[in-house]
Amino acid sequence: LIAERRMARLVAVAVAVAVGLAALCLAAAVLPAAASSDDSGCFANPAQLEKRVSAAEAALEAAGFSVSYGTIDFKPTCTEKSITCFGQNPSSPYGRYLFGDAPIAPKEHPAWQMHEDEALVWVGCTPPVSRYFGIQSYAFMTHERLVFASMGDAIHMTTINTTQPHGSDPFDKEMVVITTGDSHTDATIRAVLGRSLNISANGFNTDIIPNTTQIGIDPMGIGLNHTLFMTLVRVAECSVKATCAAYNAYPWRVMRVTPRIPRPQQSFPLTVLKNRTCGHNESYLVNGLNNLVQDVIKFYTSASSQLSLIGRLTPMHLEGRDCIKKLTNCIGDTRDALYINGDERLDSANSMGSGPSFPIANDTNDFGVVVGIIHSQLQPPLATYTNLAVYYPAKAMGIEALMDTDLAGSSDRFPNGGSAFYVYKFARECGSEPYCMNVPSAFPGVPLDQNTTFVERAYLNPLTDVGPSPEEMQGPFVMHFSPRS
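Numbering (my numbering), first residue to last: 1 to 485.
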């Protein structure tokens, strides 16, 4: 009982820390509709989708499984009372699988546990058209430590299988995602649903929980001394915000599928991780970036303001399996992204930001400027999309983010500017100044007496289909201008 109470306290702390979600990353989901031969979209007919889910349940029950349900919750988790918001990406909401039945976690917490031969099955829709979406499960707590770490590569927009023919776009399509650590359960569910829902063999996706001994986590199972997991669904920059809002609000159902007759697990081996290195880098832009920085310093230095700080944001080496090995917190990382970090509090070994941070006063002569590379605009592009977010580092809280489309054109007013670069200002009151973001002081903002920092993200190098390599990217410069005394 003492051990159970201790673990419950650990999980409660982790909840306060980690429900704020996640790993500076992104993921996605989609709205419901049935698989069909027309182009009406998966989310166009929710009633038909629900019939498909019910048909899947009936087929699995007939095949010897018991089925219960959880949901997917996209509600914001960062509040004014949050201890930390865990570096959440302000560009995208996070969906979390909710089952509420892990005995060592609070009912409202998205962490879950299951036996080795069980599976979670989502018969649903991929998100509406967006810049990125992905689905991934995490080792959340293991060996009584919060690790919140990825166990492999994510299922994302270019790798996901849908019930539509291969080659069609991945958005707003019916999908089946099976989360399991058992290859036999996975194969059985694929066969049962393939027959009952008329889905071809290449219409399924498996979100693999690898052999727990090989990856170094507690075994699967229920209760103490078993790993707590979490599943995130990320979506970034929807083309039609109202459609995505409806998608996120939809009451998605996720099945927990349990064999009625338990049997020994047939585990998945560790998967081979994708190689981030693509052979292209941004070193050819270094001189141009340095020259642009000098342009910016000259432009903003005046009789009333002066440069008081300059530094760089550095690309982070953040890998889930390393965090599991070291039992450190990986803050819900995804290998689909590269995080270029300031001094945001990350709580992960060797990834504590050492970049610049500073308070911004309520004074027109006190402001920050970030000068960097738009990684998605290069030839060849080294990212599918990039964004720049302003953060309140004491709470690891993302305030607001600028997409690469917002950054485009922002450096053209400088002699050494161009399409590869951006220059953006951050102040308490921008007025009508272009390429300037207001940083509020009230929640959700950065208090006047607290430091501000920035995080740049680069998602999915098109050449490697995974996040860019830290060694091939150049981080932005961050400058603080303050009033002359």
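Quick reminder that beta carbons are idealized off the backbone N, C-alpha and C, glycines included.
In the DSSP assignment, glutamine 214 falls outside any beta strand (DSSP E) and lies within the alpha helix (DSSP H) extending over 212-215. At a Cβ-Cβ threshold of 9 Å, aspartate 406 and serine 376 do not count as neighbours. About 12 Å separates the Cβ atoms of methionine 151 and glycine 332, ruling out a contact at the 8 Å cut-off. No Cβ-Cβ contact shorter than 9 Å links alanine 383 with glutamate 400. Burial state of histidine 156 is buried, judged by a 10 Å Cβ sphere holding 16 or more other Cβ atoms. For the pair valine 439 and cysteine 125, the Cα-to-Cα distance works out to about 36 Å. Here the region 355-368 lies against the region 446-460, with 3 or more beta-carbon pairs under 8 Å apart.
The beta carbon of glutamate 282 sits closer than 8 Å to the beta carbons of Ile373, His375, Leu378, Leu382, Glu472, Met473, Gln474 from its chain, once the five residues preceding and following it are set aside; these are given in chain order. Under DSSP, aspartate 182 shares a beta bridge with Ser267. If you look at asparagine 291, you'll find it in the alpha helix (DSSP H) that goes 286-300. Leucine 228 sits close to tryptophan 112, with the two beta carbons spaced by under 9 Å.
In this structure, the alpha-carbon of valine 466 lies about 31 Å from that of threonine 79. In the DSSP assignment, glutamine 306 falls within the beta strand (DSSP E) that extends over 305-312. Residue environment analysis places asparagine 329 among the buried positions, since at least 16 neighbouring C-beta atoms fall within 10 angstroms of its C-beta.
In the DSSP assignment, glycine 368 falls within the unbroken beta strand (DSSP E) covering 367-373. Nearest Cα to cysteine 278 within the set Ser482, Pro470, Gly64, Ala44: Pro470.
Under the Cβ criterion (8 Å, minimum of three pairs), the region 173-186 does not count as touching the region 240-248. Sequence-distant Cβ neighbours of isoleucine 208 in its own chain, meaning closer than 7 Å and more than five residues away, are Gly152, Phe268, Thr271.
Only residues of its own chain outside the window of five on either side were considered, and among them Glu116, Asp117, Asp182 have a CB closer than 6 Å to the CB of glutamine 265, listed in chain order.
Distance between serine 200 and isoleucine 160, taken at the CA atoms: about 14 Å. Every unbroken stretch of the alpha helix (DSSP H) spanning 4 or more residues and falling wholly within the region 400-426 is given here in chain order: 404-407.
Exposed is the label assigned to histidine 143, since fewer than 16 other Cβ atoms lie within 10 Å of its Cβ. A straight-line Cα-Cα distance of about 51 Å links arginine 52 and cysteine 430. The C-beta distance from glutamine 88 to threonine 334 rounds to 13 Å, too long to fall under 8 Å, and the pair is not in contact. Contact between valine 369 and valine 296 holds: CB atoms are separated by about 6 Å, below the 8 Å threshold.
In this structure, DSSP gives phenylalanine 43 a helical state, which the three-state scheme calls helix. Pairing arginine 312 with proline 476 gives a Cβ-Cβ distance under 9 Å.
Annotation for glycine 95: the continuous beta strand (DSSP E) segment containing it runs 94-98. Cβ-Cβ distances below 7 Å link proline 483 to Ser304, Ser305, Asp363, Asn365, Asp366 in the same chain, with the five nearest sequence neighbours on each side left out; the list follows chain order. Note on geometry: alpha-carbon atoms of asparagine 387 and valine 147 lie some 25 Å from one another. Membership of threonine 206 in the beta strand (DSSP E) is indicated by the continuous run 204-208. A direct Cα-Cα distance of roughly 49 Å separates proline 415 from alanine 139. Distance from the Cα of arginine 413 is smallest, within the candidate group Glu433, Met397, Arg428, for Glu433. At a Cβ-Cβ threshold of 9 Å, arginine 457 and tyrosine 339 count as neighbours.
Taken atom to atom, the span from the alpha-carbon of phenylalanine 133 to that of serine 411 is near 29 Å. Nearest in C-alpha terms to arginine 428, of all of Pro468, Leu463, Phe481, is Phe481.
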